[in-house]
Amino acid sequence: MSLLQPAVQLQHTTEPSPSAQEEMQFWMDKVVAWGQADSPDTQRDTSLHLRRLSSYLQQLLTHINNVRSTTETMKRLPFLGQFLGRLCWNPLVTADDTSRGLLFQCLWGLYSEDPSDAVERKANQWIRKVLCQLSTEEDGAAAQKLMKHMGVPPKEYHLKVLRKMVAVLQENIGKSCSSLGNINQRCSCDNILATSEACVPLVSCPEAAPLIGALLQRPVTCVRAALSEDFLDALSSALSSQVLSLEDQAVVSLWYHSLSSLEEAVLSLLESVLSNTESTPQRMVQQLSQSLLPKACAQHCSIFLVVNDIFRSTLKQSEGNNCVNSLIQTFTRCFLRELKLLQPQCVSLKAFFPQSPQSVLVPLLTLPSEMPLEAWRHHLNWLSSSLQRLTEEEEEGDGSSSTRGHQKVFEAWFLLVQCAHWVQVSVQLLGTSGLEDRGPLLWLLNFYHHPTNRGHLRDLQLVQAREAWDHLHALFSVSAHPPPVDHQQLLVTLLSPRPQRPSPSLIISLLVNFAVFSQQPLSSSSQILQTVVRRSGLVEEAACVLHSLELRLNAGSCLSSDANRVHLRIEALQNTLTHMQAA
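What follows is the structure, encoded as structure tokens:
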């Protein structure tokens with residue numbers, strides 16, 4: 002018997018006593034009378050009872066929170082819905098800060114996160130309707146009379162009601178989780194779902210922005226603190242149609258909660274960048290920073306994994322689109338910068354790049370500016386040999402192991418695309434290297450442009466890349482004056498796209514770096530560049546390489562003992578290409 006005694010006591014404490022029923026009847030009679038007449042006597046009676054009414058609403062709120070479900074609450078207080086509903090339409094009650102706040106809290110307490118029966122479903126529907134009407138401009142007759150009496154315009158009245166409602170809700174969602182207490186007590190986190198549901202019709206209201214931001218950025222410490230999917234969908238729609246303005250951190254939190262919203266943001270960025278064929282590297286950096294995606298990825302590993310997966314799929318479908326490669330590389334650079342600002346200490350990169358070959362992950366993600374200039378060549382030779390060994394081992398398999406091997410090769414190449422700063426350094430070194438140093442650097446450059454080895458053409462393409470380098474080395478030799486015409490023509494021939502030939506992008510990047518870093522007079526370098534790109538029709542591609550080179554030089558990732566001279570040569574060559582494009 003003693004084991005059953007606490008349960009019996011609990012039942013007695015939560016079951017309304019006869020006096021409680023009488024008090025409910027007293028207040029029910031009052032609100033009915035207040036609603037049936039609109040006279041000075043009625044208004045005076047309402048005002049006189051506001052303090053007692055607030056005390057009674059506080060008792061009701063405690064009772065609601067101590068009962069496990071809305072269905073059980075309605076069984077014990079069958080007139081509760083009518084009572085709260087009539088109070089919601091009484092403008093003298095809703096104009097009182099304390100009464101209105103308690104009234105709203107009672108409604109939140111009755112909202113069921115997971116309605117278990119028809120009573121709770123109907124209650125949820127009614128609560129949403131009440132809240133929606135309270136915050137719109139559908140004026141009731143009583144409210145109209147009150148506004149007329151007070152001389153308050155309807156719009157101002159409703160804005161004030163809305164602001165007060167937002168303030169009350171914002172205060173409620175800031176309360177800590179209470180689910181660790183009495184199992185029969187409602188968890189305060191239940192209000193989160195109810196509040197987010199109530200915000201659906203308000204997502205485009207500027208007055209609701211603080212509440213929306215607070216909901217999105219509230220720490221998820223309880224399973225009951227989930228946000229409504231309707232709320233998240235409404236926010237995503239309003240944000241994409243530009244009828245909603247959120248603070249940056251609230252946008253990041255929305256992406257964290259809503260996968261569809263994050264995917265839409267990434268796809269919108271891809272479309273914006275790839276549709277603008279005249280976008281410069283500088284403009285791309287600006288677009289990425291304004292998108293907030295690099296910052297969001299640095300804050301949440303889960304966001305980065307989604308964004309990275311979209312980039313991975315886009316890269317597979319792009320068939321060597323240089324703009325896609327450039328976007329992925331620039332995004333990764335912006336992400337690494339944000340990650341370093343956010344977590345300047347040791348960061349576990351493996352969590353962000355779980356599919357990448359771990360042996361080359363940190364060496365590739367290390368920026369050229371983070372190591373001495375004299376160490377670049379040795380670092381690149383090690384990267385080239387490591388990637389070459391990885392591709393040879395994985396491509397030798399057959400059957401299912403061959404499929405897995407090709408996937409590993411793709412992941413290695415994907416990481417190289419993300420970290421293409423080392424590819425760019427290798428191109429620069431090829432423009433200033435001798436014959437004995439070109440092998441590993443040319444292999445790395447060739448792998449970057451030809452990762453799949455289709456038809457086993459990579460070796461042949463590597464031979465053709467060496468041939469292109471030989472022609473360029475002869476053209477830009479200081480002793481070669483005037484430039485040999487036959488080498489120029491052979492370069493133009495190699496630039497015509499054919500399966501067994503290297504990518505035109507590979508040769509153009511070599512050509513531009515030779516023109517910038519060679520010791521040949523600027524006039525001769527400009528003439529060679531102008532002749533080759535005009536005959537091959539690759540003026541825009543050469544201009545893009547020059548822009549990227551200028552960005553690297555400004556970022557300190559460009560090896561040069563005479564930065565001023567290099568800047569002047571880049572500027573002069575850009576002017577040459579600009580005149581060609583205009584002509």
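Residue numbers for the sequence shown follow my numbering, so the first one is 2 and each next one is one higher. We put the beta carbon where it would ideally sit given N, CA and C, even for glycine.
*Residue ranges of each beta strand (DSSP E) run of no fewer than 3 residues wholly in the region 410 to 471, ordered along the chain?*
none
_Cβ pair Ala421, Gln330 closer than 9 Å_ = As a first step, residue 421 must be located in the sequence shown, where it is residue number 420. As a first step, residue 330 must be located in the sequence shown, where it is residue number 329. Yes; because the gap between Cβ atoms is below 9 Å, this pair is in contact.
*Close-in-space but distant-in-sequence residues of the same chain around Trp109 (CB under 7 Å, 5 per side omitted)*: Taking the sequence shown and counting its residues from 1, the one referred to as residue 109 is at position 108. If we look at Trp109 and ignore the five residues flanking it on each side, its Cβ neighbours are Asn173, Asn192, Ala195, Thr196.
*asked:* Rounded to whole angstroms, what is the Cα-Cα separation between Glu138 and Leu160?
replied: Within the sequence shown, numbered from 1, the residue matching residue 138 stands at position 137. Within the sequence shown, numbered from 1, the residue matching residue 160 stands at position 159. In this prediction, Glu138 scores a pLDDT of 42, lower than 50, which makes its location untrustworthy; no coordinate-derived value is stated.
*If Trp470 sits next to Ser385, beta carbons under 8 Å apart, how far is it from one beta carbon to the other, in whole angstroms?*
The sequence position of residue 470 within the sequence shown is 469, counting from 1. The sequence position of residue 385 within the sequence shown is 384, counting from 1. Wrong, their Cβ atoms sit about 15 Å apart, outside the cutoff.
*asked:* Closest to Val204 by C-alpha separation, out of Ala227, Val167, Arg219, Pro220, would be which residue?
replied: Your numbering for residue 204 matches position 203 in the sequence shown. It is Val167.
*How big is the Cα-Cα spacing for Leu306 and His258?*
For the purposes of this step, residue 306 is taken as the residue at position 305 of the sequence shown. For the purposes of this step, residue 258 is taken as the residue at position 257 of the sequence shown. Near 14 Å, if we compare the C-alpha coordinates of His258 and Leu306.
*Neighbourhood of Leu569 by C-beta, 6 Å cutoff - its chain only, sequence neighbours within 5 removed*: Counted from its first residue, the sequence shown places residue 569 at position 568. Correct list: empty, nothing qualifies.
*Take Val605 as the anchor and find which of Cys89, Ser497, Phe354, Val363 has the nearest alpha-carbon.*
Any question about residue 605 goes unanswered here, given that the chain covers just 2 to 584.
*CB-CB under 8 Å to Ala143, same chain, minus the five flanking residues each way: which ones, in chain order?*
Taking the first residue of the sequence shown as position 1, residue 143 is located at position 142. In this prediction, Ala143 has a pLDDT of 48, which is less than 50 and means its spatial position is unreliable; what the coordinates show is noted afterwards. Cβ within range, chain order: Gly36, Asp39, Trp90, Asn91, Pro92.
_My parser needs the beta strand (DSSP E) runs of 3 or more residues fully inside the region 34 to 73; what are they?_
none
_First and last residue of the uninterrupted alpha helix (DSSP H) at Glu264_ = Locating residue 264 in the sequence shown gives position 263, counting from the first residue. Element bounds for Glu264: 260 to 276.
*Would His379 be called buried (16 or more neighbouring beta carbons within 10 Å of its own) or exposed?*
In the sequence shown, residue 379 corresponds to position 378, counting from 1. It counts as exposed.
_Just to confirm, is the Cβ distance from Phe448 to Lys317 under 9 Å?_
Taking the sequence shown and counting its residues from 1, one reaches residue 448 at position 447. Taking the sequence shown and counting its residues from 1, one reaches residue 317 at position 316. No, the Cβ-Cβ distance between Phe448 and Lys317 is not below 9 Å.
*Please determine, among Arg553, Gln300, Gln419, Pro116, the residue with the shortest C-alpha to C-alpha distance to Ser70.*
Taking the first residue of the sequence shown as 1, we reach residue 70 at position 69. With distances taken between Cα atoms, Ser70 lies closest to Pro116.
*At a cut of 8 Å, does the region 354 to 364 reach the region 331 to 339 through at least three beta carbon pairs?*
no
*Measure the alpha-carbon distance for Val540 versus Met581 and round it to whole angstroms.*
As a first step, residue 540 must be located in the sequence shown, where it is residue number 539. As a first step, residue 581 must be located in the sequence shown, where it is residue number 580. Cα to Cα, Val540 sits roughly 7 Å from Met581.
*Could you tell me the distance, in whole angstroms, from the CA atom of Glu208 to the CA atom of Pro498?*
Along the sequence shown, one-based indexing puts residue 208 at 207. Along the sequence shown, one-based indexing puts residue 498 at 497. Those two C-alpha atoms are separated by around 59 Å.
*Can you have a look at Gln243 and say buried or exposed, based on whether 16 or more other CB atoms are within 10 angstroms of its CB?*
Translated into positions along the sequence shown, residue 243 becomes position 242. Gln243 comes out exposed.
_Beta-carbon contacts of Gln44 that lie in its chain and below 8 Å, excluding the five residues immediately before and after_ = If you number the sequence shown from 1, residue 44 lands on position 43. These residues qualify, in order along the chain: Leu93.
*Sorted by chain position, which residues of the same chain lie with C-beta nearer than 8 Å to Tyr112's C-beta, five sequence neighbours on each side aside?*
Reading the sequence shown from its first residue, position 111 is the one you call residue 112. Thr71, Ala124, Asn125, Ile128, Asp191, Asn192, Leu194, Ala195, Glu198.
*Going straight from the alpha carbon of Arg338 to that of Leu233, what length do you get?*
Here residue 338 refers to the residue found at position 337 when the sequence shown is read from its first residue. Here residue 233 refers to the residue found at position 232 when the sequence shown is read from its first residue. Distance between the alpha carbons of Arg338 and Leu233: 30 Å.
*Would you tell me roughly how many angstroms separate the C-alpha atoms of Val274 and Asp118, rounded to the nearest one?*
Here residue 274 refers to the residue found at position 273 when the sequence shown is read from its first residue. Here residue 118 refers to the residue found at position 117 when the sequence shown is read from its first residue. Those two C-alpha atoms are separated by around 50 Å.
_I'd like to know whether the C-beta atoms of Leu476 and Ile509 end up nearer to each other than 9 Å._
Locating residue 476 in the sequence shown gives position 475, counting from the first residue. Locating residue 509 in the sequence shown gives position 508, counting from the first residue. Contact flag unset, no.
_Cβ shell of Met372 (< 8 Å), same chain only, five flanking positions each side left out_ = Here residue 372 refers to the residue found at position 371 when the sequence shown is read from its first residue. Closer than 8 Å at the Cβ level, and outside the excluded window around Met372, lie His380.
*asked:* Once the 5 residues before and after Glu572 are set aside, which same chain residues still bring their CB inside 6 Å of it?
replied: As a working mapping, residue 572 is identified with position 571 in the sequence shown. So no residue of the chain qualifies.
*Rounded C-alpha distance that separates Ala583 from Arg284*: Here residue 583 refers to the residue found at position 582 of the sequence shown. Here residue 284 refers to the residue found at position 283 of the sequence shown. Going by the C-alpha atoms only, they are around 20 Å apart.
_Selected residue, minimal CA-CA separation from Asp249, among Ile213, Leu547, Thr453_ = Here residue 249 refers to the residue found at position 248 of the sequence shown. Answer by Cα proximity: Ile213.
*Among residues of its own chain, excluding the 5 on either side of Val464, which ones have a beta-carbon nearer than 8 Å to its beta-carbon?*
Taking the sequence shown and counting its residues from 1, one reaches residue 464 at position 463. No residues qualify anywhere along the chain.
*Going straight from the alpha carbon of Val493 to that of Arg467, what length do you get?*
Position 492 of the sequence shown, counting from 1, holds the residue named residue 493. Position 466 of the sequence shown, counting from 1, holds the residue named residue 467. When rounded, the distance between both Cα atoms is 15 Å.
*Do Leu446 and Val418 have their CB atoms nearer than 9 Å?*
Position 445 of the sequence shown, counting from 1, holds the residue named residue 446. Position 417 of the sequence shown, counting from 1, holds the residue named residue 418. No; because the gap between Cβ atoms is not below 9 Å, this pair is not in contact.
*How about Arg459 and His451: are their beta carbons less than 9 Å apart?*
Here residue 459 is taken as the residue at index 458 of the sequence shown, counted from 1. Here residue 451 is taken as the residue at index 450 of the sequence shown, counted from 1. Yes, they are a contact pair.
_Give me the residue from Glu264, Arg87, Gln288, Phe415 with the minimum Cα distance to Met29._
Taking the first residue of the sequence shown as 1, we reach residue 29 at position 28. Selected option, being the one with the closest Cα: Arg87.
*Using a Cβ-Cβ cut-off of 7 Å (strictly less than) and excluding sequence neighbours within five positions of Thr281, which residues of its own chain qualify?*
Within the sequence shown, the letter at position 280 stands for residue 281. Excluding residues within five positions, the ones whose Cβ falls inside 7 Å are His548.
_Contact under 9 Å by Cβ, Leu270 with Leu255_ = Taking the sequence shown and counting its residues from 1, one reaches residue 270 at position 269. Taking the sequence shown and counting its residues from 1, one reaches residue 255 at position 254. No.
*Neighbourhood of Thr577 by C-beta, 8 Å cutoff - its chain only, sequence neighbours within 5 removed*: Within the sequence shown, residue 577 is the residue found at index 576, counting from 1. Excluding sequence neighbours, Thr577 sits near Ser527, Leu530, Gln531.
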